[in-house]
Structures are given as structure tokens and as C-alpha cells.
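Residue numbers (numbering that gives the first Met the number 0), protein chains in the order written: chain A, 0 to 273; chain B, 0 to 208.
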Amino acid sequence: MPRGLWIAALAVALVSAGGLHTRAQDDTEREVERYRQMLKEDPWSNPGLLEADRGEALWKEKRGPKDASLEACDLGNGPGKVEGAFAQLPRFFADADKVMDLESRLVWCMEKLQGFEHAQIVKRPYSKANQAGSELEALATYVANKSNGRRFAPQLGHPKEREALAIGEALFFRRQGPMDFACATCHGDSGKRIRLQGLPYLSKPEEAREAVGQWPAYRVSQGTVMTMQHRITDCFWQMRLPLIDYGSDVAVALTMYLVNQAKGGEIGAPQIKR
Amino acid sequence: MRIGAFFTTAGAAVALGAACCAASLAHAQDRAPAVEAAIKGSWTRTTPEWRERLVQDETQKLCTLYRNAPPGDVANAIRAREKGTIQYPSDGQLMGDWKRGEKLAQSGYGWRFTDYPPRQDNGGNCYACHQLDKKELSFGTLGPSLLQYGKARNHAKDEVKAVYDRIYNPHAALPCANMPRFGASRFLSLEQIKDLVAYVMSPDSPVNK
Chain A
0 MPRGLWIAAL AVALVSAGGL HTRAQDDTER EVERYRQMLK EDPWSNPGLL EADRGEALWK
60 EKRGPKDASL EACDLGNGPG KVEGAFAQLP RFFADADKVM DLESRLVWCM EKLQGFEHAQ
120 IVKRPYSKAN QAGSELEALA TYVANKSNGR RFAPQLGHPK EREALAIGEA LFFRRQGPMD
180 FACATCHGDS GKRIRLQGLP YLSKPEEARE AVGQWPAYRV SQGTVMTMQH RITDCFWQMR
240 LPLIDYGSDV AVALTMYLVN QAKGGEIGAP QIKR
Chain B
0 MRIGAFFTTA GAAVALGAAC CAASLAHAQD RAPAVEAAIK GSWTRTTPEW RERLVQDETQ
60 KLCTLYRNAP PGDVANAIRA REKGTIQYPS DGQLMGDWKR GEKLAQSGYG WRFTDYPPRQ
120 DNGGNCYACH QLDKKELSFG TLGPSLLQYG KARNHAKDEV KAVYDRIYNP HAALPCANMP
180 RFGASRFLSL EQIKDLVAYV MSPDSPVNK
């Protein structure tokens with residue numbers, strides 16, 4: 000079946016599943032799994048790669064008040080070195096004097112190299128269903144995809160990296176808000192689910208490796224890519240907490256914790272998710 | 000002030016002789032100011048009213064500190080404090096309408112930042128975590144199955160009250176429970192809690208069929 004038709008058929012299957020019956024949900028999961036298998040056989044049919052391509056074009060295009068590309072952006076291994084950079088993020092950046100994840104680093108480079116206003120960059124970081132990805136989503140997908148097949152190698156050489164990990168771990172277990180939820184409330188045990196949605200036990204390396212290595216992910220039900228910052232923002236939304244700033248220290252610290260749990264896990268971005 | 004209060008509480012807890020992990024408790028306390036600073040800097044675009052949600056109350060602080068396994072004396076203090084929050088209907092009637100309860104058990108609406116201004120009543124979202132009616136196959140497993148919960152307890156009066164208390168404030172029975180304090184937080188009204196009690200406990204409810 001041609002790729003477009005296949006995605007359309009899967010989208011119909013997802014809509015009709017509606018989440019109300021186990022069998023429909025199982026069917027959906029099976030279809031997504033079949034889709035993943037097909038992508039393994041033919042990786043170029045992954046629709047998330049369209050975003051990676053768009054991100055690559057954005058990376059190389061001269062833009063912003065300074066009319067500069069992002070090719071001089073240092074993602075940790077030196078200016079312009081994209082290959083493998085994502086596997087070592089978040090990490091400490093001396094020029095910013097702080098620990099940054101991929102997304103907060105992209106914002107930093109867009110500000111410093113291209114001269115964009117911070118407020119403007121982070122205004123709409125997440126695309127809505129069935130829209131093209133935001134610039135940040137496309138750029139993040141491009142950079143993450145350039146670490147595809149590599150393994151998470153978290154950086155803990157700098158004291159601020161170790162501090163970020165400690166803060167991230169504390170945040171993961173911190174109970175707050177009107178529902179008293181912590182991240183660990185839903186992600187602190189194996190085999191649990193909300194309704195029929197399975198929940199990874201993120202403090203268990205085997206499960207963290209599988210879960211964390213999938214982001215940024217292409218959401219078939221949304222027709223768009225979703226980044227780790229977006230994933231964390233949605234968790235906080237469900238926890239009844241306020242909308243978190245894009246690229247915030249809390250999201251970076253949590254990502255540091257997750258990546259450390261997922262240490263050694265293979266990166267498969269962008270993976271296909273329901 | 001808040002951080003100061005945290006230290007006092009945590010210090011008292013350690014002094015009271017938490018059997019385990021005094022070292023890791025000390026680490027958690029060292030870390031607390033950095034955690035609070037990160038939180039303060041990460042929600043700058045929201046209102047002070049919303050930021051209040053990030054401030055922990057005493058029970059949240061203790062359950063965080065002990066990772067939901069508080070030592071005996073701390074558990075007793077939590078139990079006593081949270082029990083004191085439970086309010087009862089003036090007529091003493093703890094069972095409402097199970098049909099309304101069923102709707103509440105299905106709904107996860109309320110208090111998310113996209114839920115304002117409110118377009119419907121808040122829901123209890125029981126099915127997110129519990130199995131209840133055997134016909135509803137889309138149930139979560141974070142909490143225990145409540146299939147035939149009332150029937151298994153002969154719909155007894157004291158069991159009815161226990162369920163009411165459990166929904167209103169689960170920490171009164173189980174300090175550092177995962178379940179939200181639906182009544183104490185005012186997320187659900189007394190009437191709504193009664194409807195949920197009926198859904199779990201009534202002989203007519205499909206949960207007990």
C-alpha cells in the first residue's frame with residue numbers, strides 16, 4: 000500500500016478505536032506495532048523524517064535579525080557538530096553557565112546566533128494536531144535523528160550536571176498540586192496503566208531506556224512530532240500544575256534524570272507513537 | 000519562610016528517630032533549596048494564584064521526604080491531621096445517587112489549565128486508576144480493583160463510611176496514599192462524593208452486579 004494511504008488507514012483505525020474498548024485498543028497497539036516493524040524494514044517511510052528534513056533546512060537557512068544559520072551552534076561537541084550530540088544531552092555549557100537540554104540549547108542558539116527574541120521563539124513551541132511541526136520541533140527532530148542508533152551517554156563531569164541530576168531526581172518524587180501527584184505516582188512501578196494507556200516505570204533502567212529513546216516521537220493520532228519538553232508539559236497539565244516555561248530548569252533537570260535512568264539505551268528518534 | 004518550615008519539619012522527623020536512611024534524608028534536605036529555586040524559575044509566565052499549586056503542604060512535604068513510606072510516628076501525625084479535614088453531610092446520609100456517581104467515575108474533567116472557565120462539573124476519574132463495573136473494560140491499574148467492592152463487604156454501614164473517608168481524604172486511613180484528597184482539596188463536593196460512595200457501595204450499582 001502506498002505510504003499516504005497506509006497512514007490514512009491507520010488514522011481511521013485510531014479514530015474508530017476511540018479508546019473505549021480493550022479490543023479496539025489492543026488492535027490499535029497491534030497496528031502501531033506493525034507500523035513500527037514496517038518502518039524498521041523501510042526506515043525512509045517514517046513520516047517523522049519529514050520533520051527532520053524540515054529541521055535540517057531550518058538549521059542551514061540564514062534567518063533572523065542577524066541573518067545567520069545555526070551551523071555555528073555548539074551542541075556540546077563543538078560548533079556545527081550535530082552528529083551524536085543529542086546522545087550526550089543535557090550537559091553543561093560554559094557560555095551559558097548552565098545545564099541545557101536539546102530544546103533549551105536550540106533556543107539559546109536561535110537567540111545568540113540568529114538574534115531572535117526569546118519571547119518570540121518560545122511563544123508557540125508545540126504544534127497542534129494535524130499541523131506541521133513548530134520550528135523548534137523540526138529542529139529538535141533533526142538533531143535527535145542525527146544520534147539515531149547511538150546510546151545515551153549522560154554527562155556528569157561538571158558539578159552543575161550532577162546538581163541537575165540531583166534536582167531532577169528530587170522533582171521526580173516531589174508531590175504537589177491539588178491532586179498530590181508526583182511523576183512517580185504514575186511512573187513508579189511496572190505494568191501499570193491509566194485507563195488502557197501503559198505507563199513506563201521510569202526509575203527502572205530497562206523501561207526508561209525503551210521509553211526515553213523514543214523522543215522526539217511522531218504521534219500518529221496527532222499527525223505531528225512531539226518533543227520531550229512537550230511530553231513533560233502534558234504530564235504537568237494532567238497533574239493540574241500550571242503551564243511550565245519552555246526550556247525551563249525543571250524540565251531540563253527532569254530530562255537529566257530520565258536520560259540518566261535511560262543510560263546506555265539506544266536512541267531511535269523519531270519513533271512512532273500512538 | 001516555606002523552606003524554613005520544610006527544614007523544621009524534616010529536622011523534627013529525623014530527630015524523632017526515622018529508622019532508615021538518615022543520610023539520604025540529610026541529602027534531600029541539602030537539595031531542597033536548589034529544588035525550590037528551580038521551581039521558582041520555571042513557571043514565570045503564570046499567575047501567583049497558579050504558582051500556589053507548586054507550594055507543598057505539610058503532608059506533601061513529608062510524603063516526598065519519605066518517598067511515601069513515612070516512619071510510624073510521622074505516619075501517625077499525617078493520619079491525625081488529615082482525618083481532621085473530613086467533613087460530613089449534616090443529615091449523616093453518606094450514600095447519594097449511584098447513576099450520577101457512574102458519570103463522575105467516568106469523567107476526568109477539572110482544574111487542568113485548559114479547564115477554565117469551567118465548562119462542566121469536575122469528575123472523579125475513578126476509571127483512570129480503578130476497575131469498577133465489569134462491563135467497563137477501559138480501566139486503569141494504578142489503584143486496586145473495586146469490582147464488587149460493596150457486595151464483598153455486605154454493603155455494611157461502617158464500610159460505607161470508610162469509602163466516604165477514603166474518597167474525601169485517603170491519608171486518614173493510609174498516610175502517603177497515591178490517591179488525591181478529593182474532598183479536602185474541594186475538588187469534589189460532598190454531594191459528588193456521596194454519589195461516588197453509592198456507585199461503589201449500593202446493592203443497585205452495576206459495580207456490585
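Even for Gly, the Cβ is constructed at its ideal location relative to N, Cα and C.
Any chain B beta carbon closer than 8 Å to residue i
{"i": "A/Q175", "result": "yes"}
{"i": "A/E110", "result": "no"}
{"i": "A/L201", "result": "no"}
{"i": "A/W214", "result": "no"}
{"i": "A/R194", "result": "yes"}
{"i": "A/M227", "result": "no"}
{"i": "A/I243", "result": "yes"}
{"i": "A/L240", "result": "yes"}
{"i": "A/C234", "result": "no"}
{"i": "A/S247", "result": "yes"}
{"i": "A/C182", "result": "no"}
{"i": "A/M255", "result": "no"}
{"i": "A/M178", "result": "yes"}
{"i": "A/C72", "result": "no"}
{"i": "A/Q237", "result": "yes"}
{"i": "A/K97", "result": "no"}
{"i": "A/A252", "result": "yes"}
{"i": "A/H20", "result": "Low per-residue confidence applies at A/H20: pLDDT is 49, beneath 50, and the placement is therefore not dependable, though the value from the model is reported in the following sentence. Answer yes: the Cβ-Cβ gap between A/H20 and chain B drops below 8 Å somewhere."}
Pairwise C-alpha distance: residue j and residue i
{"i": "A/P274", "j": "B/R52", "result": "With chain A covering 0 to 273 only, the question about residue 274 of chain A has no answer from this structure."}
{"i": "A/V219", "j": "B/R30", "result": "40 Å"}
{"i": "B/P143", "j": "B/A79", "result": "24 Å"}
{"i": "A/T226", "j": "A/A216", "result": "7 Å"}
{"i": "A/E136", "j": "A/G79", "result": "19 Å"}
{"i": "A/E55", "j": "A/R273", "result": "25 Å"}
{"i": "A/M255", "j": "B/Y126", "result": "32 Å"}
{"i": "B/R66", "j": "B/I77", "result": "14 Å"}
{"i": "A/Y200", "j": "A/C234", "result": "14 Å"}
{"i": "A/Q119", "j": "B/K150", "result": "58 Å"}
{"i": "B/S89", "j": "B/R180", "result": "20 Å"}
{"i": "A/D188", "j": "A/K203", "result": "8 Å"}
{"i": "A/L57", "j": "A/A51", "result": "10 Å"}
{"i": "A/L138", "j": "B/R111", "result": "29 Å"}
{"i": "A/G197", "j": "B/R50", "result": "30 Å"}
{"i": "A/H20", "j": "B/A172", "result": "Since pLDDT at A/H20 reaches only 49, below the 50 mark, its modelled position is unreliable, and no value is offered."}
{"i": "A/R175", "j": "A/L48", "result": "Before going further, note that residue 175 of chain A is Gln rather than Arg in the sequence given. Between A/Q175 and A/L48, the C-alpha separation is close to 38 Å."}
{"i": "B/D209", "j": "A/W236", "result": "For residue 209 of chain B there is no data in the structure shown, the boundaries of chain B being 0 and 208."}
{"i": "A/D41", "j": "A/E265", "result": "19 Å"}
{"i": "B/A68", "j": "A/G114", "result": "50 Å"}
Option nearest residue i by Cα separation, candidates the options
{"i": "B/E35", "options": "A/G264, A/G167 and A/E55", "result": "A/G167"}
{"i": "B/T63", "options": "A/Q130, A/A118 and A/R173", "result": "A/R173"}
{"i": "A/A181", "options": "B/K82, B/L61, B/V159 and B/D194", "result": "B/L61"}
{"i": "B/N177", "options": "B/K160, B/V196 and B/H129", "result": "B/H129"}
{"i": "A/G148", "options": "A/R123, A/G263 and A/M109", "result": "A/G263"}
{"i": "B/L146", "options": "B/E101, B/Y163 and B/V206", "result": "B/V206"}
{"i": "A/K159", "options": "B/L24, B/Q28 and B/A33", "result": "B/A33"}
{"i": "A/A210", "options": "A/P177, A/V258 and A/Q237", "result": "A/V258"}
{"i": "A/L88", "options": "A/G212, A/R230, A/R29 and A/G222", "result": "A/G212"}
{"i": "B/E135", "options": "B/P116, B/E101, B/D157 and B/E81", "result": "B/E101"}
Any chain A beta carbon closer than 8 Å to residue i
{"i": "B/R80", "result": "no"}
{"i": "B/L146", "result": "no"}
{"i": "B/R44", "result": "yes"}
{"i": "B/L103", "result": "no"}
{"i": "B/Y126", "result": "yes"}
{"i": "B/A27", "result": "yes"}
{"i": "B/W97", "result": "no"}
{"i": "B/R118", "result": "no"}
{"i": "B/G40", "result": "yes"}
{"i": "B/V199", "result": "no"}
{"i": "B/S137", "result": "yes"}
{"i": "B/A22", "result": "no"}
{"i": "B/Q59", "result": "yes"}
For a minimum of 3 consecutive residues, which ranges assigned as the beta strand (DSSP E) are wholly contained in the region 114-142 of chain A?
none
Give, in chain order, every unbroken run of the beta strand (DSSP E) that is at least 3 residues long and sits entirely within the region 56-130 of chain B.
none
Report the start-end ranges of each beta strand (DSSP E) in the region 173-252 of chain A that is 3 residues or longer and not cut off at the edges.
216-218 and 223-225
Contact set between the region 161-175 of chain A and chain B, restricted to residues whose Cβ is under 7 Å from the partner:
E162, A165, I166, A169, L170, F172, R173, R174 and Q175
Contact residues within the region 100-132 of chain A, judged by C-beta distance below 8 Å to chain B
none
Within the region 128-175 of chain B, note down every full beta strand (DSSP E) run reaching 3 residues or more, in order along the chain.
none
Contact residues within the region 175-194 of chain B, judged by C-beta distance below 7 Å to chain A:
N177, P179, R180, S184 and F186
What residues from the region 149-175 of chain B come within 7 Å of chain A, judged by C-beta to C-beta, listed N to C?
none
Given a limit of 7 Å on CB to CB distance, which residues of the region 64-95 of chain B reach chain A?
R66
What ranges does the alpha helix (DSSP H) occupy inside the region 27-108 of chain A, keeping only unbroken runs of at least 4 residues that lie completely in it?
47-59
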